[in-house]
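Residue numbers (my numbering): 1 to 589. Ideal placement from N, C-alpha and C gives every residue a C-beta, glycine not left out. Small disclaimer: the values here were computed from a predicted structure and weren't measured.
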């Protein structure tokens, strides 16, 4: 029981690894499964919609081909020479005789002979009096006046109007007959009745089954044909006029709507396919993905469990061995695993034990030396005071002897030592004006040695006085300039220190007119600075290396670009060293 409870603890390495594996697996399965389901379902839905759209186009094409056949045959009838002459004489005041009208069936019935579903074809003169059949009815008794006017405006085109007002089982079309010999003026009309069942779309067009609804509507919203009585004519007309969306809801059902308008008749074909019919393949896909994910998760859980045991078993062995140290006996342990990481951990533990034993041995010795260290620290604090007091006595002695210049040098030396030895309250940072004062004191002391051989110039705009930089950053550069620019020459030497910059950066330049360096020596110095391997000999530039290293240490966290130091030198023309540092502190206004 205890073993089972220990296996259920969540704070053990094995269980955390197992849970981590499972979490990663579930995230991956969810992500991949979601993307797969969304992509495939979208593809299936789009393909189904494209198929239905193509079906609607084909169905409309078949419908228009039938109508075009009727249009062609009625065109032959309306342009027939006999009918043209008969209607022309009728307009000129010579109505057709009974004998002439008896010859019409052989011409007009061509439409019924060559086209299936035509119930009747009737011929009327310009005034709407029927010439065929021979019962003398008028066109206005058969169709509304506005239908006749519309057919007249179409000037000879076959116009389909929809359901016959006198016969709901028929569809009506009217063609105005234009007289060719009378400048295409109206000579009469053809009235065509077609069987409505001929246009009935009872079978599924897209192959999606009985759930598919097919509607054919006239421009006025009237049903031409419909295979679903549950959808009203008002609802269908609203779909034609308003709905631009492919997805609509009618009652509790959702449909994908595809519309196709006939350019011949103006009729609109609507195909409404239930969404659940289109997405039935998507449901199978979803079920397949879920079942596969569950099976994969179960299999992955088992494999992860055994894998976590395999990985953590050496760790548990190491923990068991380390528990012996609780007794206070620090001793190395034997290797408990062949795994590289566990071996490294075991080695590190053994190394730590050795170090602890050594540290315990050294504690006593350090305690004995503590008193000596404290005394030495006190002595280090007293020594600077002794030095400053001695220099002060020397200063006053020189003044008593009227050695004012030497006294000035002593003061400069005292201030130089004080600046060098005394610590800083800002972690090694000083203001630029203080650093420049220190440089001036150093140059003053060097002036005592070189006299007229040393000249210097310092150009520092006052707005940079409060910029902060590391303590004693500039003296090594000036000292290097004195060493190589003055001491190595017989004639007088010149040193110039310039400060320039902007709101973000300050550039400090130290240049001399000394011997300079050739290209090989300069390259060697630059490579040594980059690699950190500069010789400690007097002429090697160790002061420059010190400045370069301090720039890296002090400014590595101040700015992403940090500070930079560049060296330009030519043999016999002197050396120029540029230091570029980010602005730290406040600039004077």
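Query: Cβ pair residue 410, residue 504 closer than 8 Å; Result: no
Query: Burial state of residue 467 (16 or more Cβ within 10 Å); Result: buried
Query: Residue 356 beta carbon less than 8 Å from that of residue 330; Result: yes
Query: Opening and closing residue of the beta strand (DSSP E) in which residue 218 lies; Result: Premise fails: residue 218 is in no beta strand (DSSP E) and is neither H nor E.
Query: Nearest to residue 354 (by Cα), restricted to the options 32, 341, 332; Result: 332
Query: The segment 188-200 touching the segment 112-121, judged by at least three CB pairs closer than 8 Å; Result: yes
Query: Rounded separation between residue 159 and residue 101 - CA only; Result: 25 Å
Query: contact_flag[the segment 133-150, the segment 249-263] where n(CB pairs < 8 Å) is 3 or more; Result: no
Query: Alpha-carbon to alpha-carbon, residue 155 and residue 180; Result: 12 Å
Query: Spatial neighbours of residue 130 in its chain, beta-carbon cut-off 8 Å, leaving aside the 5 residues before and after; Result: 122, 123, 124, 136, 137, 138, 139
Query: DSSP-derived helix/strand/coil call for residue 435; Result: helix
Query: Distance between residue 47 and residue 292 (C-alpha atoms, nearest Å); Result: 25 Å
Query: Reference residue 157, options 163, 294, 184, closest by Cα; Result: 184
Query: Given residue 459 as reference, the closest of 168, 444, 440 once Cα atoms are compared; Result: 440
Query: First and last residue of the uninterrupted beta strand (DSSP E) at residue 569; Result: 564-570
Query: Outcome for residue 153 when other beta-carbon atoms lying within 10 angstroms are tallied against a minimum of 16; Result: exposed
Query: Spatial distance of residue 58 from residue 235 (CA atoms); Result: 25 Å
Query: Counted within 10 angstroms of its Cβ, other Cβ atoms place residue 259 as buried (16 or more) or exposed; Result: buried
Query: C-beta atoms of residue 64 and residue 284 nearer than 8 Å; Result: no
Query: Exposure of residue 558, with buried meaning 16 or more beta-carbon neighbours within 10 Å; Result: Per-residue confidence for residue 558 stands at a pLDDT of 46, beneath the threshold of 50, marking its modelled position as unreliable; no derived number is given.
Query: Stretch-stretch touch, CB-based, cutoff 8 Å, three pairs: the segment 511-521 with the segment 470-489; Result: yes
Query: CA nearest to the CA of residue 590, picked from 500, 456, 450; Result: For the chain, the structure presents residues 1 to 589; residue 590 sits outside this window and is missing.
Query: Neighbourhood of residue 436 by C-beta distance below 7 Å, restricted to the same chain and skipping five residues each side; Result: 458, 460
Query: Host alpha helix (DSSP H) of residue 223 (start-end); Result: Segment 223-226 is the beta strand (DSSP E) holding residue 223; no alpha helix (DSSP H) there.
Query: Buried or exposed (CB count within 10 angstroms, at least 16 for buried), residue 165; Result: exposed
Query: Local Cβ density within 10 Å of residue 344, reported as buried at 16 or more and exposed below that; Result: exposed
Query: Residue 153, enclosing alpha helix (DSSP H) - first and last residue; Result: 145-153
Query: For residue 580 and residue 469, the rounded distance between their alpha carbons; Result: 11 Å
Query: For residue 125: DSSP bridge partner residues; Result: 188
Query: Euclidean distance between Cα positions of residue 28 and residue 38; Result: 15 Å
Query: Where the beta strand (DSSP E) containing residue 90 begins and where it ends; Result: That residue, residue 90, is in no beta strand (DSSP E); its alpha helix (DSSP H) goes 81-91.
Query: Cα-Cα separation, residue 320 to residue 30; Result: 39 Å
Query: Nearest-angstrom Cα separation, counted from residue 456 out to residue 531; Result: 32 Å
Query: For residue 318 and residue 434, the rounded distance between their alpha carbons; Result: 59 Å
Query: CB contact flag (residue 134, residue 73, <8 Å); Result: no
Query: Cβ neighbour criterion (16 or more within 10 Å) applied to residue 412; Result: buried
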